[in-house]
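What follows is a set of notes on a single structure, which appears directly below.
In this note's numbering, the protein residues as written are 38 to 254.
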């Protein structure tokens, strides 16, 4: 891979991270729950407000990186440590997105639902761009890949199981922290779980070939 192509790929990755984070921010502003992988950080941000949502996402992603190290041990490649700065960027971008989204009134349920759906579309676009960049995976996907490689289970099945684990963990934390009330993991989480993959496939189908040519040209 040439130096120019490497720069292009990392630039596309950063753009993808920004859009994905902005999508999470829009969904969070809808106050109906976020994507499964962000749901634990979302619940923690409602309870422990001394950290922002973005900071909790950074912490959560770093926990997943440590998990990869524990699972893979010597098979964990040094380049995967790039997930750390990527996690920080994602967290900062999320906080910036929340600041931008704060101007949108969310007093009415239809508006909240629109924010969730819009966030899922933007999130799907961001994930697609990051995937097409083909350099470093985000910590969530990398953790799933690590579990898949060690257990031998198919990546897709592990991904489903991991998403379910994240949502269940978020619900349990919510019940503990908020007197048996569910906060931060609602219908928006279900919508995100069902539609994000669909949007990623939609954008991949239309963007993979033209962007691939642009990256290698």
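Glycine included, C-beta positions come from ideal geometry on N, C-alpha and C.
Every value quoted in this text rests on a predicted model; they were computed, and no experiment measured them.
CB of residue i within 7 Å of CB of residue j, strictly
i           : j           : result
residue 248 : residue 164 : no
residue 158 : residue 236 : yes
residue 94  : residue 128 : yes
residue 105 : residue 180 : yes
residue 177 : residue 60  : no
residue 56  : residue 162 : yes
residue 126 : residue 244 : no
residue 83  : residue 172 : no
residue 49  : residue 160 : no
residue 252 : residue 42  : yes
Residue i CB to nearest heavy atom of the ligand NAP below 6 Å
i           : result
residue 237 : Judged by which ligands are present, the structure shown has none, so any question about the ligand NAP falls away.
Whole-Å CB distance - residue i paired with residue j, under 8 Å assumed
i           : j           : result
residue 66  : residue 123 : Rounded, the Cβ-Cβ distance is 23 Å, inconsistent with contact.
residue 195 : residue 222 : Wrong, their Cβ atoms sit about 21 Å apart, outside the cutoff.
residue 153 : residue 69  : 5 Å
residue 207 : residue 131 : That pair is no contact at about 16 Å.
residue 182 : residue 190 : Residue 182 to residue 190, Cβ: 11 Å. No contact.
Buried/exposed call for residue i, threshold 16 Cβ in 10 Å
i           : result
residue 184 : buried
residue 200 : buried
residue 46  : buried
residue 115 : exposed
residue 198 : exposed
residue 90  : buried
residue 71  : buried
residue 240 : buried
residue 187 : exposed
residue 174 : buried
residue 92  : buried
residue 74  : buried
residue 112 : exposed
In chain order, which alpha helix (DSSP H) runs of at least 4 residues are fully inside the stretch 123–207? 146–170, 176–188
Quick one: any contact between the stretch 222–234 and the stretch 86–104, if contact means 3 or more CB pairs under 8 Å? no
Hey, which unbroken runs of the alpha helix (DSSP H) at 4 residues or more fall wholly within the stretch 52–127? 73–84, 90–109
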